[in-house]
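One structure is given here, and the rest of the page talks about it.
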Amino acid sequence: MGGGQLLVVLDRDSPVPLQQQLCDQISGSVRTGRLRAGDPVPPSRELAHQLGVSRTVVTRAYELLRANGVLTSRRGSGTRVSGAVPDLPHRDPPARAPLRPEPPLPTDAGSPLWRPWEPAPMHRPDGAYDFRHGTPALASFPVARWRQSLAEAVSRADAVALGYGPAEGSPALRDQITALLRRSRALDVSREHTIVTSGATQAMDILVRQLVGPDDVVVIEDPSHTVLRQIFGYSRAAVVPVPVDSEGLRVDEIADRVRGHGLDPARVRLVYVTPSHQFPTGFVMSERRRRALLRWAREHGVTVLEDDYHNEFSFTAERLPSLAADPQGADVAYVGSFSKTLFPSLRIGYAVLPPHLVRPFLGIKWITDRLTPTLTQEALAEFVGSGAYARHIGRMDRLYRQRRARLLEALYEHFGAGVRVSGAAAGLHVLVTFGGAPGTDETAIVRAAATRGVRVYPASGYFVAHPPSEPAFLIGYAALPTARITEGVALLAAAVRDVTAR
Numbered sequence: 001m002g003g004g005q006l007l008v009v010l011d012r013d014s015p016v017p018l019q020q021q022l023c024d025q026i027s028g029s030v031r032t033g034r035l036r037a038g039d040p041v042p043p044s045r046e047l048a049h050q051l052g053v054s055r056t057v058v059t060r061a062y063e064l065l066r067a068n069g070v071l072t073s074r075r076g077s078g079t080r081v082s083g084a085v086p087d088l089p090h091r092d093p094p095a096r097a098p099l100r101p102e103p104p105l106p107t108d109a110g111s112p113l114w115r116p117w118e119p120a121p122m123h124r125p126d127g128a129y130d131f132r133h134g135t136p137a138l139a140s141f142p143v144a145r146w147r148q149s150l151a152e153a154v155s156r157a158d159a160v161a162l163g164y165g166p167a168e169g170s171p172a173l174r175d176q177i178t179a180l181l182r183r184s185r186a187l188d189v190s191r192e193h194t195i196v197t198s199g200a201t202q203a204m205d206i207l208v209r210q211l212v213g214p215d216d217v218v219v220i221e222d223p224s225h226t227v228l229r230q231i232f233g234y235s236r237a238a239v240v241p242v243p244v245d246s247e248g249l250r251v252d253e254i255a256d257r258v259r260g261h262g263l264d265p266a267r268v269r270l271v272y273v274t275p276s277h278q279f280p281t282g283f284v285m286s287e288r289r290r291r292a293l294l295r296w297a298r299e300h301g302v303t304v305l306e307d308d309y310h311n312e313f314s315f316t317a318e319r320l321p322s323l324a325a326d327p328q329g330a331d332v333a334y335v336g337s338f339s340k341t342l343f344p345s346l347r348i349g350y351a352v353l354p355p356h357l358v359r360p361f362l363g364i365k366w367i368t369d370r371l372t373p374t375l376t377q378e379a380l381a382e383f384v385g386s387g388a389y390a391r392h393i394g395r396m397d398r399l400y401r402q403r404r405a406r407l408l409e410a411l412y413e414h415f416g417a418g419v420r421v422s423g424a425a426a427g428l429h430v431l432v433t434f435g436g437a438p439g440t441d442e443t444a445i446v447r448a449a450a451t452r453g454v455r456v457y458p459a460s461g462y463f464v465a466h467p468p469s470e471p472a473f474l475i476g477y478a479a480l481p482t483a484r485i486t487e488g489v490a491l492l493a494a495a496v497r498d499v500t501a502r
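For the sequence shown, position 246 (counting from the first letter as 1) is numbered 246 according to full-length UniProt numbering, and the numbering increases by one without interruption.
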């Protein structure tokens, strides 16, 4: 606080002398913990100037507070709050009206849509065998090269770059994003329809606000990620889960499922899908199902929200283009991010929108946060444009292929025909079902694994209507070296044997 502002409000109409008011307020700040032991207070001249009083008022107040042991002064380090503050006499604050209890969050409604509440994926340095999904190999990120991009962006920054940039994002970064999407997703779009957001989550939140009103319906996949259920659940719409199978969303069931919730299929405004790697099953949407979805959306005037969350990591020879690459007359909003390809705290995502959605989307973006941090965007544009991004993706692709292969080998080695794996074609996790153990409690396996230092995450909470009848887990492998994957799977196998033997 030294040299900074101190929150003090003096009442010049009060009979209490100003220096006494100042003493009372500083003592009160210490008592409530706003000022703590060792915190500096502003020099007397500065505080006098801030409060518009003579310097004598402040010096006398400080003298009183030093005499009472509240403040201490030492040459060279200014005036600070004392390390051992005495018990200060205090006047009782005026009685306040009781606060109204907060309305419960929608998560408390007990609806299966809201299970489970998921903490953010953490990178644990404690060396446990943590098979959490959603965490890339952060230890392999080229930090020194990224630092170079940041330094480059800062050194080039002028008054324009330091001010409020355009809500749609840096032109340089949008150019790089469109070039990436053209090459990797066959998505040929102009910069004008590409908007930079603070992660994919913001893009989805804005689209829901923009497209969905009260009494409207949002269709999501079942199973699906809890975060997006929360995004959609906070909107004013009804959220209807529709099952997926190995070909993706069961499009022909949309209308019946919506009616089953007592709602009108004509009120569907948005259909959310993860066609290139369904979350959490990992199924890739078939060509036949893609055509059916786009036809249904076109006929019903519905926007398809395509979340391409693992777009850079595909492990099969055949890669299908994005839905937005050939929307066949339907409105498709495409959302992606750099959280899994680079690192989550970057908080840079993007939306590629049909032309008529761009302006209203930007209106909401401008109201919510003005813009995604500009210098970071410039650094990322440099990182991509220099070829560093492509080299990083190439290295990660090789690394993830090795780790994925090791995980699959280890699972089949320990569980044989008793294990079913889906989602190995793309992304950074697989869905693993332990067959032959119906009725086995997932939580018992989680506990038994935890005692061996292994963290695994049950998949049943992602399913709304038909959770798996056998224990199933989402197993992320990206952040674990192959040796730890081998050891972790052996320990997990011992835990599963323990629980099933019981």
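Each residue gets a CB set at the ideal place from its N, CA and C atoms; glycine is no exception. Every value quoted in this text rests on a predicted model; they were computed, and no experiment measured them.
Run of the alpha helix (DSSP H) containing residue i, from where it starts to where it stops
i: Tyr412; result: Ala388 to Phe415
i: Val58; result: Arg55 to Ala67
i: Leu35; result: Segment: none, Leu35 is in no alpha helix (DSSP H) and carries neither H nor E.
i: Ala449; result: Glu442 to Thr451
i: Ser44; result: Ser44 to Leu51
i: Arg229; result: Thr226 to Gly233
i: Ala333; result: That residue, Ala333, is in no alpha helix (DSSP H); its beta strand (DSSP E) goes Asp331 to Ser337.
i: Gln148; result: Val143 to Arg156
Cβ-Cβ distance between residue i and residue j below 9 Å
i: residue 588; j: Tyr272; result: Since the first residue of the chain shown is 1 and the last is 502, residue 588 is not available in this structure.
i: Gly349; j: Gln202; result: yes
i: Ile195; j: Glu312; result: no
i: Arg403; j: Pro481; result: yes
i: Gln50; j: Pro40; result: no
i: Asp222; j: Val208; result: no
i: Gly199; j: Ser339; result: yes
i: Ala351; j: Ala297; result: no
i: Pro355; j: Glu192; result: yes
i: Met396; j: Thr341; result: yes
i: Asp11; j: Gln20; result: no
i: Leu263; j: Leu211; result: no
i: Val189; j: Ala324; result: yes
i: Gly416; j: Phe131; result: no
i: Ala490; j: Ala410; result: yes
i: Ser82; j: Ala37; result: yes
i: Ala448; j: Asp498; result: yes
i: Thr368; j: Ser170; result: no
Residue i in three-state terms, based on DSSP
i: Ile348; result: coil
i: Arg80; result: strand
i: Val8; result: coil
i: Thr482; result: helix
i: His300; result: helix
i: Thr135; result: coil
i: Leu105; result: Residue confidence is low: Leu105 scores 38 on pLDDT, short of 50, so the model does not pin down where it sits. Its coordinate-derived value is still stated next. Leu105: coil per DSSP, three-state reduction.
i: Arg359; result: helix
i: Ala472; result: strand
i: Val239; result: strand
i: Pro458; result: strand
i: His193; result: helix
i: Pro171; result: helix
i: Thr368; result: helix
i: Ala501; result: helix
i: Ala426; result: strand
i: Ser184; result: helix
i: Pro15; result: coil
i: Thr376; result: helix
i: Leu293; result: helix
i: Pro40; result: strand
i: Val218; result: strand
i: Gly253; result: Note on residue identity: the sequence assigns Glu, not Gly, to residue 253. Residue state, collapsed to three classes: helix.
i: Ser198; result: coil
i: Thr72; result: strand
i: Glu247; result: coil
i: Val284; result: coil
i: Pro93; result: Note that Pro93 scores a pLDDT of 45, beneath 50, so its modelled location is shaky and nothing firm can be said.
Rounded Cβ spacing between residue i and residue j (contact assumed at less than 8 Å)
i: Pro136; j: Leu428; result: 7 Å
i: Arg229; j: Pro214; result: Wrong, their Cβ atoms sit about 19 Å apart, outside the cutoff.
i: Val432; j: Val419; result: 6 Å
i: Asp307; j: Thr274; result: 5 Å
i: Phe283; j: Ser246; result: 5 Å
i: Ser149; j: Phe383; result: 4 Å
i: Leu18; j: Ile26; result: Incorrect: roughly 13 Å between the Cβ atoms, too far for contact.
i: Val304; j: Leu293; result: 7 Å
Where the beta strand (DSSP E) through residue i begins and ends
i: Phe434; result: His429 to Phe434
i: Arg269; result: Val268 to Val273
The ligand ZN heavy atom lying under 8 Å from the CB of residue i
i: Ser246; result: Inclusion of the ligand ZN in the displayed structure is not the case, the ligand content being empty and no account of it being possible.
Exercise. Can at least three beta-carbon pairs, one atom from the stretch 451-468 and one from the stretch 374-381, be found at a separation below 8 Å?
Worked result: no
Exercise. Can at least three beta-carbon pairs, one atom from the stretch 56-75 and one from the stretch 23-33, be found at a separation below 8 Å?
Worked result: yes
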